[in-house]
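Asks: In this note's numbering, the protein residues as written are -19 to 818. Just so it is clear, CB atoms sit at the ideal spot from N, CA and C, and this is done for glycine as well.
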Amino acid sequence: MKQSEMLVQKDYWAKSACKMCIHSCAIRAHVKDGVVVKIEGDPDNPSNRGKLCPKGQAGIMRLYDPHRVKTPLKRTNPDKGPGVDPKWVAISWEEALTTVAEKLKAIRQDDPRKLLPAINDFHRIHLWGWGAVFGTPHYFSTVGQYCGAAYHPLNGILDGSFAAINDYDHCKYWIQIGAGDGFSSHLHVAASIKRMAEARVDRGMKLVVVEPRMSAGAAKADEWLPIRPGTDRAFVLGMVYVLLHELNIYDAEFMRKHTNGIYLVAPDGNLFRNSETQKPMVWDANSKTAVEYDTAELKLENAALEGVYMVDGVSYRPSFQVIKDTLEDHTPERMSKVCSISAETIRRIAKEFGEAACIGSTIKIDGKEYPYRPAAVNFYRGAIGHYDGGLDSAAMKLINLVIGNIDVPGGHIGVGLDHRMLIIEPGKDGMLQPQPHILHPPYAFAPKPYSYQLMEWYPIGIDPGHLTAANVLEPEKYGFDFQPEALIIEHSNPMWNLSATNKVMEVFKKLKFIVAIDIVLNESTDWADIVLPDLSYLESHLLVCIEPPMVTGHMYRRPVIEPLYDGRDATDIFTELADRIGFLADWNGLLNFTLFLTPENQLDPNTKYSNLELMDRMAKSRYGQDKGLEWFQEHGHTTRKQTPEEMYLLYAQRGQRIPLYFNFIKETGDDMAAKMKEAEIPWDTSCYLPVPIWRDHHPLHNMAPEYDLYAFAFKEAQSNFSESTTIPWIEEIVSCQPIHLGVMINSKTAQKKGIKTGDILKLESPFGEITGRASVCEEVHPECIAISNTISRWSQHPVGKKKMSTHFNKLLPADVKWTDGMTGHLETSTKVKLSIIS
Ligand SMILES: Nc1nc2c(c(=O)[nH]1)N[C@H]1C(S)=C(S)[C@@H](COP(=O)(O)OP(=O)(O)OC[C@H]3O[C@@H](n4cnc5c(=O)[nH]c(N)nc54)[C@H](O)[C@@H]3O)O[C@H]1N2
Ligand SMILES: Nc1nc2c(c(=O)[nH]1)N[C@H]1C(S)=C(S)[C@@H](COP(=O)(O)OP(=O)(O)OC[C@H]3O[C@@H](n4cnc5c(=O)[nH]c(N)nc54)[C@H](O)[C@@H]3O)O[C@H]1N2
Ligand code: SF4
Ligand SMILES: [Mo]
-19 MKQSEMLVQK DYWAKSACKM CIHSCAIRAH VKDGVVVKIE GDPDNPSNRG
31 KLCPKGQAGI MRLYDPHRVK TPLKRTNPDK GPGVDPKWVA ISWEEALTTV
81 AEKLKAIRQD DPRKLLPAIN DFHRIHLWGW GAVFGTPHYF STVGQYCGAA
131 YHPLNGILDG SFAAINDYDH CKYWIQIGAG DGFSSHLHVA ASIKRMAEAR
181 VDRGMKLVVV EPRMSAGAAK ADEWLPIRPG TDRAFVLGMV YVLLHELNIY
231 DAEFMRKHTN GIYLVAPDGN LFRNSETQKP MVWDANSKTA VEYDTAELKL
281 ENAALEGVYM VDGVSYRPSF QVIKDTLEDH TPERMSKVCS ISAETIRRIA
331 KEFGEAACIG STIKIDGKEY PYRPAAVNFY RGAIGHYDGG LDSAAMKLIN
381 LVIGNIDVPG GHIGVGLDHR MLIIEPGKDG MLQPQPHILH PPYAFAPKPY
431 SYQLMEWYPI GIDPGHLTAA NVLEPEKYGF DFQPEALIIE HSNPMWNLSA
481 TNKVMEVFKK LKFIVAIDIV LNESTDWADI VLPDLSYLES HLLVCIEPPM
531 VTGHMYRRPV IEPLYDGRDA TDIFTELADR IGFLADWNGL LNFTLFLTPE
581 NQLDPNTKYS NLELMDRMAK SRYGQDKGLE WFQEHGHTTR KQTPEEMYLL
631 YAQRGQRIPL YFNFIKETGD DMAAKMKEAE IPWDTSCYLP VPIWRDHHPL
681 HNMAPEYDLY AFAFKEAQSN FSESTTIPWI EEIVSCQPIH LGVMINSKTA
731 QKKGIKTGDI LKLESPFGEI TGRASVCEEV HPECIAISNT ISRWSQHPVG
781 KKKMSTHFNK LLPADVKWTD GMTGHLETST KVKLSIIS
């Protein structure tokens, strides 16, 4: 129904899209006399099939939150600090925009690098590049980084994906490592909970959860394996050892056909290439010679996967053999000492997993035959959010590769960033082109860094935004000869989301001007000079992509009522600012690219387009000129199940191999090492390995002995980060659950330390300290403290504000030494010592 026809009715259900977290579920809102009285899942949409999570249900309370930002606000108290009242006064849009545009224009004319951006709306990724077209290379946030720096690039390198998930429709043995998929967090939670339940109840899928705490998933799993934080790679490599060295279970056919497992490797770890054509060589067991990988004479069954072969006096091994040899000392006994899961359990799980993979079997779907590998390891932030996270991710991929389950029914399936789905382009050597940078193009290397987050030194990685604070405070360390003056924030809470909160506060103190675009006030807006009110999701238009792989398509986020207050869509605010500051043409140019506008929908450089027009052009570019926003107003969405052709074996359909041996990573590291050597910058590149191994020199596991307990934070379904806790319904449900009442400590450990539930504890790491109430329980590894995000707020919002803020990030460093050298991932665990305050 047209917007104008809908809004005049007295009683209607409006279909739209949820945005109470980063995902996107289909909703319908019941509106009576202009008031939203209920939000439900849209039963007609195949994405979440009528289901919503608690946050989605609570959207109504966000809309009618009396503490929303209703007009532009100006601070009148020049003093800034945590808990200091900014003494807001309402101002007109004209005054607000004039002030912001003048300040930022002056900075841009002087030196655009003096602006720090924290623009982080996941539903509007097209806004993220506003800072770049303004002219600043920095990133002052950890959105997409605290979680994905070591994850997304490895997905992109493996199969052109952005994320990954096990095949809910066919998997029969699911190992879940440090992820909330299907239960509490990550991809499309409200939809995946039902898919996970169906897989288990209808098809009897077995679930093993590897976690240092009993998460919602672990509580419902067939088996919970409590693990020491930051050691998941050791557990997985122990399993790989068992499969390769003890059970001889691996998918040789898959490796030969679809990977570089047959490519020969020289003693220096590089591929053995034909010196003239530069093509990689393989060993042909039939002719007993090394031949080019794509020669017509080579029958794949004759391509050697194992063995050592001499060519002109040099010994070469197929890369699969190199992997086997590299891991020959990764026995369950040795790995068990690292990860605290017994060798016996590592062996048993490896056997169950290997057998469940049904190597050699096939399945017919829609009349087409595919390999059937119904076993897979799924993982996310908990597993890879660590120093050496790149190697963690590579190990998680390796165990899936060993059983040949990448992008096949039952296995480990790539998920695209948006409607482009997987980026499958031909690379060199018959391989798929690695895609480590799906969010934005790579930064060119420079011996003198130009971005505070040092992105130019992490060629495989996602902006390590946590390094910004360190480099602003210590500019001389890497030679920064300018200082930031302003910060622009949109849909982000960098004061909360970054590590080393005390350092972040120091940076906020230095800034002369802060502007934030938000709908509620938070720990960061408390420091702002101007706050500009955005429209909430129930009041705005957007074309929202549904996360593949189970479904794909777009949903239409529409205003289900007229906007309540004097807000403006953030996209319109950015366009207005670009115009007033003087870079509208560049901004439009970027939008052409980020909205994927086709030639007939391209923007005129000097015209200001409204968000509504932009969305209309985006819809037409994607679906055809007859499917603009009016079509979406009538039909709501284009969501449908992905077809098997879209989901399975895309790389093979296009004739490309994927890496079993990560020579791309090694080559990138070698290149980086050479550049840093030439620039005379000491830089550790030892992590750029083609085969993931366990390395003992891990800062987390080598801290001073007084820091005797590991500590980490976690997400659960009730809250989006910590921000949902400003919603009374959410606050009410989390305040009844022991895991959200204090810092979780195991009963045996608590007993040894004389700690009881309710005691006020001081937790100290070498980087900061926090206080928290003890919650003594069985549901956490005895060596660990687990801290819910829901107890971390200290903002001015009367509902979210905690009597005692237990903000985990104050305990974390922001430092190159605690950052994965390959991907820039921050180490998201630390160790602490405890004392009882009262
Ligand atoms: N409900 C909800 N959904 C969300 C979000 C949200 O805030 N709330 N945020 C969204 C975003 S941006 C992201 S990045 C994803 C994140 O999604 P996830 O990665 O699934 O979420 P996290 O809770 O950060 O981490 C997953 C689990 O890792 C565990 N863990 C911590 N350290 C370790 C470790 O060393 N090893 C192992 N094995 N486990 C460990 C934690 O206990 C936690 O249960 O979720 C997205 N979806
Ligand atoms: N301790 C700890 N730290 C973490 C994490 C953790 O689990 N624990 N997770 C990490 C991860 S994975 C990520 S991705 C980051 C996330 O970090 P953030 O993205 O900073 O997290 P949010 O709290 O969602 O912040 C977004 C802010 O957007 C505002 N907002 C909400 N809706 C709207 C809207 O419609 N429009 C506008 N303009 N603003 C809106 C709210 O004020 C909210 O505080 O945090 C990272 N840091
Ligand atoms: S998972 Fe929950 S909060 Fe997120 S979009 Fe779906 S219903 Fe909304
Ligand atoms: Mo994230």
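Compare the C-alpha of residue 746 against each of 795, 265 and 736 and name the closest.
Replies: Among 795, 265 and 736, the Cα nearest to that of residue 746 belongs to 795.
Asks: Where residue 211 and residue 372 are concerned, what is the direct C-alpha to C-alpha distance, given to the nearest angstrom?
Replies: Distance between the alpha carbons of residue 211 and residue 372: 9 angstroms.
Asks: Do the region 200 to 219 and the region 368 to 383 make contact, defined as three or more Cβ pairs closer than 8 angstroms?
Replies: Flag = yes, the region 200 to 219 and the region 368 to 383 touch.
Asks: Which of the three DSSP states, helix, strand or coil, is assigned to residue 465?
Replies: In the structure shown, residue 465 sits in coil (DSSP, three-state: anything other than H, G, I, E or B).
Asks: Assuming residue 516 and residue 43 are in contact, meaning their beta carbons sit under 8 angstroms apart, how far apart are those beta carbons, in whole angstroms?
Replies: About 6 angstroms; that satisfies the 8 angstroms criterion.
Asks: What separation, rounded to the nearest whole angstrom, lies between the Cα atoms of residue 253 and residue 365?
Replies: Each residue's alpha carbon lies about 35 angstroms from the other.
Asks: Around the Cβ of residue 761, are there at least 16 other Cβ atoms within 10 angstroms (buried) or fewer (exposed)?
Replies: With 16 or more Cβ atoms within 10 Å of its Cβ, residue 761 is classed as buried.
Asks: Can you tell me whether residue -13 sits near ligand 3, meaning its C-beta is under 8 angstroms from at least one heavy atom of the ligand?
Replies: Not so, every heavy atom of ligand 3 lies at least 8 angstroms from the Cβ.
Asks: Kindly indicate which three-state DSSP category residue 222 falls into: helix, strand or coil?
Replies: In the structure shown, residue 222 sits in a helix (DSSP, three-state: H, G or I).
Asks: Can you grab the Cα-Cα spacing for the pair residue 86 / residue -2, in whole Å?
Replies: Each residue's Cα considered, the two are about 38 angstroms apart.
Asks: Give me the Cβ distance between residue 689 and residue 811, rounded to the nearest whole Å; I'm assuming they're in contact under 8 angstroms.
Replies: Right, their Cβ atoms sit about 6 angstroms apart.
Asks: Can you give me the Cβ contacts of residue 413 inside the same chain, cut-off strictly under 7 angstroms, excluding the 5 residues immediately before and after it?
Replies: If we look at residue 413 and ignore the five residues flanking it on each side, its Cβ neighbours are 405, 406 and 407.
Asks: List the whole-angstrom C-beta distance separating residue 763 from residue 367, where the pair is believed to meet the contact cut-off of C-beta under 8 angstroms.
Replies: Rounded, the Cβ-Cβ distance is 18 angstroms, inconsistent with contact.
Asks: Examine ligand 3 and report whether any of its heavy atoms sits within less than 8 angstroms of the Cβ of residue 617.
Replies: Residue 617 Cβ: outside cutoff for every heavy atom of ligand 3.
Asks: Starting from the N-terminal side, write out each stretch of the beta strand (DSSP E) that is 3 residues or longer and does not extend beyond the region 321 to 372.
Replies: As far as the region 321 to 372 is concerned, its whole beta strand (DSSP E) runs of at least 3 residues are 342 to 345, 348 to 351 and 355 to 359.
Asks: Would you say residue 478 and residue 121 are within 9 angstroms of each other, going by their C-beta atoms?
Replies: Result yes, Cβ atoms of residue 478 and residue 121 sit closer than 9 angstroms.
Asks: Using only the heavy atoms of ligand 1, determine whether one of them is closer than 8 angstroms to the beta carbon of residue 661.
Replies: Checking the Cβ of residue 661 against ligand 1 gives no.
Asks: Would you check if the region 435 to 444 and the region 784 to 804 touch, i.e. whether three or more CB-CB distances between them fall below 8 angstroms?
Replies: Yes, since at least three Cβ pairs between the region 784 to 804 and the region 435 to 444 fall closer than 8 angstroms, the two stretches touch.
Asks: Can residue 128 be considered in contact with ligand 4, in the sense that its beta carbon sits closer than 8 angstroms to one or more heavy atoms?
Replies: Yes; taking the cut-off as 8 angstroms, the Cβ of residue 128 has a heavy atom of ligand 4 nearer than that.
Asks: Rounded to the nearest angstrom, what separates residue 788 and residue 693 at their Cα positions?
Replies: The alpha-carbon atoms of residue 788 and residue 693 are separated by roughly 6 angstroms.
Asks: Apart from the five residues just before and just after residue 695, which ones in its own chain have a Cβ nearer than 8 angstroms to its Cβ?
Replies: Taken in chain order, the residues that qualify are 160, 164, 165, 701 and 769.
Asks: Just to confirm, does residue 192 get its C-beta within under 8 angstroms of one of the non-hydrogen atoms of ligand 1?
Replies: Residue 192 Cβ: within cutoff of ligand 1.
Asks: Would you check if the distance between the CB atom of residue 524 and the CB atom of residue -6 is smaller than 9 angstroms?
Replies: Going by C-beta atoms, residue 524 is not nearer than 9 angstroms to residue -6.
Asks: Work out the CA separation of residue 83 and residue 562 for me, nearest whole Å.
Replies: If I take the Cα positions, the gap works out to 13 angstroms.
Asks: Between 305, 502, -11 and 732, which has its C-alpha nearest residue 782's C-alpha?
Replies: Nearest C-alpha to residue 782: 502.
Asks: Following a CB-centred definition, is residue 500 positioned closer than 8 angstroms to any heavy atom of ligand 2?
Replies: Checking the Cβ of residue 500 against ligand 2 gives yes.
Asks: DSSP puts residue 8 in a beta bridge; with which residues?
Replies: The partner list for residue 8 (beta bridge, DSSP) reads -5 and 20.
Asks: Are the region 753 to 760 and the region 714 to 731 touching, with three or more C-beta to C-beta distances below 8 angstroms?
Replies: Touching, per the Cβ criterion.
Asks: Are residue 235 and residue 229 touching if we call contact CB-CB under 9 angstroms?
Replies: No, the Cβ-Cβ distance between residue 235 and residue 229 is not below 9 angstroms.
Asks: Below 8 angstroms, how does it come out for the region 294 to 307 and the region 668 to 688: are there three or more Cβ pairs, yes or no?
Replies: Contact between the region 294 to 307 and the region 668 to 688 is present, because at least three Cβ pairs lie under 8 angstroms.
Asks: In the DSSP assignment, find the beta strand (DSSP E) that holds residue 289 and state where it starts and stops.
Replies: From DSSP, the beta strand (DSSP E) with residue 289 extends over 289 to 291.
Asks: Which whole-angstrom value describes the C-beta separation of residue 507 and residue 790, a residue pair presumed to lie in contact below a C-beta threshold of 8 angstroms?
Replies: Residue 507 to residue 790, Cβ: 16 angstroms. No contact.
Asks: Leaving out five residues before and five after residue 581 in sequence, what residues of the same chain have Cβ atoms less than 7 angstroms from its Cβ?
Replies: So the qualifying residues of the chain are 597, 600 and 601.
Asks: Near residue 202, which residues of its chain fall below 7 angstroms by C-beta distance, leaving aside the five closest residues on each side in sequence?
Replies: Closer than 7 angstroms at Cβ, skipping near neighbours: 186, 187 and 188.
Asks: Between residue 362 and ligand 1, is the CB less than 8 angstroms from at least one heavy atom?
Replies: Yes, the Cβ of residue 362 comes within 8 angstroms of a heavy atom of ligand 1.
Asks: Hey, residue 143 and residue 442 are a contact pair by Cβ (cut 8 angstroms); roughly how many whole angstroms apart?
Replies: That belief does not hold up - the Cβ atoms of residue 143 and residue 442 are roughly 12 angstroms apart, past 8 angstroms.
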